[in-house]
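A.B. asks: From first to last, the protein sequence lines are chains A and B.
Residues 1 to 145 in the numbering used here are what the first sequence spells out, letter by letter.
Residues 146 to 342 in the numbering used here are what the second sequence spells out, letter by letter.
All C-beta atoms in this analysis are idealised placements derived from N, C-alpha and C, irrespective of residue type, glycine included.
Owing to the predicted nature of the structure, the values given are computational and were not obtained by experimental measurement.
Take a look at this one; I'll ask things after.
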Amino acid sequence: MAATSDRKRHQHITYAVIFLAIVLAVLLIFFVRDYMRLRKAHLIGIREILLMTAINNRGPVTAADISFVSPWMTFGYLNQLFDLPPDYLQSELKISDPEYPNLSLASYASRDHIALAMFMGQVTAALENHFAPAPVAAPTTAPTQ
Amino acid sequence: MNTLLTPLLSFVLLYKYVALFLIVYSGAIIVPFPVNAMLLAVGAFASQGYFSFSGSVAVAVIANTLGDLTDYASTRKWGDWIIRKLRINRVAFFEHLAEEFRTDAAITVFMTRFTGSMSSIANFLAGLVKVPLKTFFFYDLIGNIIEPSVALTIGYVVGNYWDDFSGFFGIVTGIVAVSVVIFVLLRIRRRIAKKYS
Chain A
1 MAATSDRKRH
11 QHITYAVIFL
21 AIVLAVLLIF
31 FVRDYMRLRK
41 AHLIGIREIL
51 LMTAINNRGP
61 VTAADISFVS
71 PWMTFGYLNQ
81 LFDLPPDYLQ
91 SELKISDPEY
101 PNLSLASYAS
111 RDHIALAMFM
121 GQVTAALENH
131 FAPAPVAAPT
141 TAPTQ
Chain B
146 MNTLLTPLLS
156 FVLLYKYVAL
166 FLIVYSGAII
176 VPFPVNAMLL
186 AVGAFASQGY
196 FSFSGSVAVA
206 VIANTLGDLT
216 DYASTRKWGD
226 WIIRKLRINR
236 VAFFEHLAEE
246 FRTDAAITVF
256 MTRFTGSMSS
266 IANFLAGLVK
276 VPLKTFFFYD
286 LIGNIIEPSV
296 ALTIGYVVGN
306 YWDDFSGFFG
316 IVTGIVAVSV
326 VIFVLLRIRR
336 RIAKKYS
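The following block contains the structure:
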């Protein structure tokens with residue numbers, strides 16, 4: 001009796017699995033058909049291209065990125081990140097430490113006993129200066145005679 | 146930001162791949178460094194051209210695998226002596242845990258690669274219960290290729306915003322860790338029930 005009910009249950013499970021497999025196969029066919037249709041319409045390709053462009057053609061850092069500057073960053077990293085001349089920060093901040101640029105902003109401030117917040121302000125100002133548009137020279141008018 | 150992370154980031158910016166190797170290796174052994182957050186940052190550095198992406202992946206995978214192998218080798222060599230000294234072998238739970246680990250070594254080693262600091266415990270256990278070196282190395286390597294690559298890729302894609310994702314990454318790691326612990330405990334419970342039924 002128990003063996004018969006077990007066999008019946010087993011049969012039901014088998015039917016259920018076969019049914020699910022058929023449903024999955026049908027869904028897969030629809031999925032592939034839709035995918036091919038989207039590919040043909042260049043919808044999937046466009047997304048891939050846009051994503052790759054966003055990743056590969058990241059624009060150079062700008063003044064908007066100055067807010068990311070943190071005390072753990074080194075001068076060397078900032079020089080490369082913002083594409084600064086190697087001695088730009090050194091001269092702007094009057095740094096005489098021989099370890100420049102292999103020094104973090106935090107450790108320089110602590111070595112020179114400068115308040116970190118104040119020093120970070122100076123660094124930010126120096127970077128903003130670098131990105132500030134060059135002042136436009138006033139047009140010179142020829143003296144009228 | 147994690148207070149431990151900031152000096153590590155300066156260290157990585159200064160000594161690049163050597164620092165990356167040392168931090169990942171130490172983290173793999175057992176030192177609780179925020180390695181995943183650091184890998185997100187390194188991915189962002191790679192997107193800015195300060196690191197090579199493929200170089201960072203290679204260094205992270207090698208360091209992670211070597212760290213795991215160090216754990217495994219140390220308990221494989223001295224594990225029995227430690228067990229005898231601490232008398233852990235008399236604890237029934239340890240026996241079941243060891244049996245569980247031996248039976249499902251591959252899946253356990255692989256899954257624990259994604260559980261942060263818990264992976265070190267799994268490495269020690271793997272050496273202790275003498276999981277075959279080939280099995281351990283293979284599944285450890287596969288997990289170690291996937292895990293740091295994911296962290297570095299996310300860092301690379303999100304760039305300067307990597308720090309916003311470090312918390313999310315920690316939560317995911319935590320969820321995986323808890324899931325693995327529950328999975329192992331349920332298996333042990335089922336094994337005990339089977340044994341006494």
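#1: Report the neighbours of residue 185/B on chain A: residues whose CB is nearer than 9 Å to its CB, in chain order.
#2: So the alpha helix (DSSP H) residue 293/B belongs to, where does it begin and stop?
#3: Less than 7 Å between the beta carbons of residue 213/B and residue 285/B, yes or no?
#4: Sort 178/B, 170/B, 190/B, 175/B by Cα distance to residue 128/B and report the nearest one.
#5: Please name the residues in the region 81-105 of chain A whose beta-carbon is closer than 7 Å to at least one beta-carbon of chain B, in chain order.
#6: For residue 334/B, I'd like the list of residues in its chain whose CB is within less than 6 Å of its CB, leaving aside the five on either flank, ordered along the chain.
#7: Under 7 Å Cβ-Cβ, which residues of chain B neighbour residue 120/A?
#8: Alpha carbon to alpha carbon, what distance is there between residue 199/B and residue 304/B?
#9: Helix, strand or coil: how does DSSP classify residue 257/B here?
#10: Would you tell me roughly how many angstroms separate the C-alpha atoms of residue 85/A and residue 92/A, rounded to the nearest one?
#11: Of the residues that make up the region 292-306 of chain B, which ones have a beta carbon closer than 8 Å to any beta carbon in chain A?
#12: For residue 145/A, count neighbouring Cβ atoms within 10 angstroms of its own Cβ and tell me buried if that reaches 16, exposed if not.
#13: Is it right to say residue 301/B is buried, meaning 16 or more other beta carbons lie within 10 angstroms of its own, or is it exposed?
#14: Throw me the rounded Cβ distance for the residue 79/A and residue 101/A pair, which I believe falls under 8 Å.
#15: Quick test of your reading: residue 259/B and residue 288/B, contact by CB under 8 Å. State the CB separation rounded to the nearest angstrom.
#16: Would you identify the three-state DSSP class for residue 215/B, choosing helix, strand or coil?
#17: Name, please, each residue of chain B whose Cβ falls closer than 8 Å to the Cβ of residue 74/A.
#18: Can you give me, in chain order, the residues of the region 173-197 of chain B that have a beta carbon less than 9 Å from any beta carbon in chain A?
#19: Look at the alpha carbon of residue 244/B and the alpha carbon of residue 332/B, and state the distance between them as a whole number of angstroms.
#20: Counting Cβ pairs, one atom from each stretch, are 3 or more of them under 8 Å apart for the region 203-221 of chain B and the region 258-277 of chain B?
#21: On a CA-only basis, which of 339/B, 279/B, 268/B, 290/B is nearest residue 184/B? Give me that one, please.
#22: For my contact list, residue 157/B and residue 187/B are in at a C-beta cut-off of 8 Å; report their separation, rounded to the angstrom.
#23: Return the bridge partner residues of residue 104/A from the DSSP annotation.
#24: With distances taken Cα to Cα, identify the nearest neighbour of residue 83/A among 22/A, 18/A, 30/A, 130/A.
#25: From 70/A, 22/A, 109/A, pick the residue whose C-alpha is nearest to that of residue 119/A; which is it?
#26: With distances taken between CB atoms, is the gap from residue 107/A to residue 72/A smaller than 7 Å?
#27: Which residues in chain A have a C-beta closer than 8 Å to the C-beta of residue 151/B? List them in chain order.
#28: I'd like the span of the alpha helix (DSSP H) that includes residue 309/B, first residue to last.
#29: Does any CB atom of chain B fall closer than 7 Å to the CB of residue 77/A?
#30: Less than 7 Å separating the beta-carbons of residue 178/B and residue 172/B?
#31: So residue 314/B and residue 296/B are supposed to be a Cβ contact under 8 Å. How far apart are they, rounded?
#32: Which word fits residue 221/B, buried or exposed, when buried means at least 16 other C-beta atoms lie within 10 angstroms of its C-beta?
#33: Let me confirm a value: residue 62/A is counted as buried when at least 16 other C-beta atoms fall within 10 Å, else exposed. Which label applies?
#34: Based on Cα-Cα distance, which residue from 279/B, 282/B, 256/B lies nearest to residue 327/B?
#35: By the criterion of Cβ-Cβ separation under 9 Å, what are the contact partners of residue 65/A in chain B?
C.D. replies: Once the coordinates are examined:
#1: Here residue 185/B is taken as the residue at index 40 of the second sequence, counted from 1. Under the 9 Å cutoff, chain A gives no residues; its nearest Cβ is about 14 Å from residue 185/B.
#2: Within the second sequence, residue 293/B is the residue found at index 148, counting from 1. It spans 278-303 - the alpha helix (DSSP H) in which residue 293/B sits, taken as one unbroken run.
#3: The sequence position of residue 213/B within the second sequence is 68, counting from 1. The sequence position of residue 285/B within the second sequence is 140, counting from 1. Pairing residue 213/B with residue 285/B gives a Cβ-Cβ distance under 7 Å.
#4: Residue 128/B lies beyond the residue range present for chain B, which begins at 146 and ends at 342; the question has no answer from this structure.
#5: Those residues of the region 81-105 of chain A that come within reach of chain B (Cβ to Cβ, closer than 7 Å) are 81, 102, 104.
#6: Your numbering for residue 334/B matches position 189 in the second sequence. Same-chain partners within the cutoff: there are none.
#7: Start at 1 with the first residue of the first sequence, and residue 120/A comes out as number 120. The contacting residues do not exist; residue 120/A stays about 13 Å from chain B at best.
#8: Counting from one through the second sequence, the residue named residue 304/B turns up at place 159. Counting from one through the second sequence, the residue named residue 199/B turns up at place 54. Between residue 304/B and residue 199/B, the C-alpha separation is close to 16 Å.
#9: Taking the second sequence and counting its residues from 1, one reaches residue 257/B at position 112. Helix at residue 257/B.
#10: Taking the first sequence and counting its residues from 1, one reaches residue 85/A at position 85. Taking the first sequence and counting its residues from 1, one reaches residue 92/A at position 92. C-alpha separation (whole angstroms): 11 Å.
#11: Flagged, chain order: 301, 302, 304, 305.
#12: To locate residue 145/A, count along the first sequence from 1; it is residue 145. In this predicted model, residue 145/A has a pLDDT of only 49, less than 50, meaning its place in the structure is not dependable; the value taken from the coordinates is given anyway. Looking at its Cβ environment, which holds fewer than 16 other Cβ atoms inside 10 Å, residue 145/A is exposed.
#13: For the purposes of this step, residue 301/B is taken as the residue at position 156 of the second sequence. Buried is the call here.
#14: As a position in the first sequence, residue 79/A is number 79, starting the count at 1. As a position in the first sequence, residue 101/A is number 101, starting the count at 1. Going by Cβ atoms, the distance from residue 79/A to residue 101/A rounds to 6 Å, so yes, they are a contact pair.
#15: Position 114 of the second sequence, counting from 1, holds the residue named residue 259/B. Position 143 of the second sequence, counting from 1, holds the residue named residue 288/B. Correct: roughly 7 Å between the Cβ atoms.
#16: Indexing the second sequence from 1 puts residue 215/B at position 70. In the three-state scheme derived from DSSP, where H, G and I count as helix and E and B as strand, residue 215/B is classed as helix.
#17: As a working mapping, residue 74/A is identified with position 74 in the first sequence. Here the neighbours are 155, 158, 159.
#18: Answer in chain order: 190, 192, 193, 194, 195.
#19: Residue 244/B sits at position 99 when you count from the first residue of the second sequence. Residue 332/B sits at position 187 when you count from the first residue of the second sequence. Annotation: residue 244/B to residue 332/B spans about 10 Å, alpha carbon to alpha carbon.
#20: Yes, they touch.
#21: On the second sequence, position 39 is the one that residue 184/B refers to. When only C-alpha atoms are compared, the closest one is 290/B.
#22: Reading the second sequence from its first residue, position 12 is the one you call residue 157/B. Reading the second sequence from its first residue, position 42 is the one you call residue 187/B. The pair is a contact, with the Cβ atoms about 7 Å apart (cut-off 8 Å).
#23: As a first step, residue 104/A is located in the first sequence; it is residue number 104 there, counting from the start. Bridge partners of residue 104/A: 74/A.
#24: Within the first sequence, the letter at position 83 stands for residue 83/A. The residue with the shortest Cα to Cα distance from residue 83/A is 130/A.
#25: If you number the first sequence from 1, residue 119/A lands on position 119. With distances taken between Cα atoms, residue 119/A lies closest to 109/A.
#26: For the purposes of this step, residue 107/A is identified with residue 107 of the first sequence, where counting begins at 1. For the purposes of this step, residue 72/A is identified with residue 72 of the first sequence, where counting begins at 1. It is not a contact, given that the beta carbons lie outside the stated cut-off.
#27: The sequence position of residue 151/B within the second sequence is 6, counting from 1. Chain A residues near residue 151/B: 70, 71, 72, 106.
#28: For the purposes of this step, residue 309/B is taken as residue 164 along the second sequence, with counting starting at 1. Boundaries of the alpha helix (DSSP H) around residue 309/B: 307-341.
#29: Within the first sequence, numbered from 1, the residue matching residue 77/A stands at position 77. Yes - at least one Cβ of chain B is within 7 Å of the one on residue 77/A.
#30: Indexing the second sequence from 1 puts residue 178/B at position 33. Indexing the second sequence from 1 puts residue 172/B at position 27. Result yes, Cβ atoms of residue 178/B and residue 172/B sit closer than 7 Å.
#31: Residue numbering aside, residue 314/B sits at position 169 when the second sequence is read from its first letter. Residue numbering aside, residue 296/B sits at position 151 when the second sequence is read from its first letter. Between residue 296/B and residue 314/B the Cβ distance is about 7 Å, and since that is below 8 Å, they are a contact.
#32: Indexing the second sequence from 1 puts residue 221/B at position 76. By the neighbour-count rule (16 or more Cβ atoms within 10 Å), residue 221/B is buried.
#33: Mapped onto the first sequence, residue 62/A falls at position 62. Under this definition residue 62/A is an exposed residue.
#34: For the purposes of this step, residue 327/B is identified with residue 182 of the second sequence, where counting begins at 1. With distances taken between Cα atoms, residue 327/B lies closest to 256/B.
#35: Taking the first residue of the first sequence as 1, we reach residue 65/A at position 65. Chain order gives the chain B residues near residue 65/A as 305, where near means a beta carbon separation below 9 Å.
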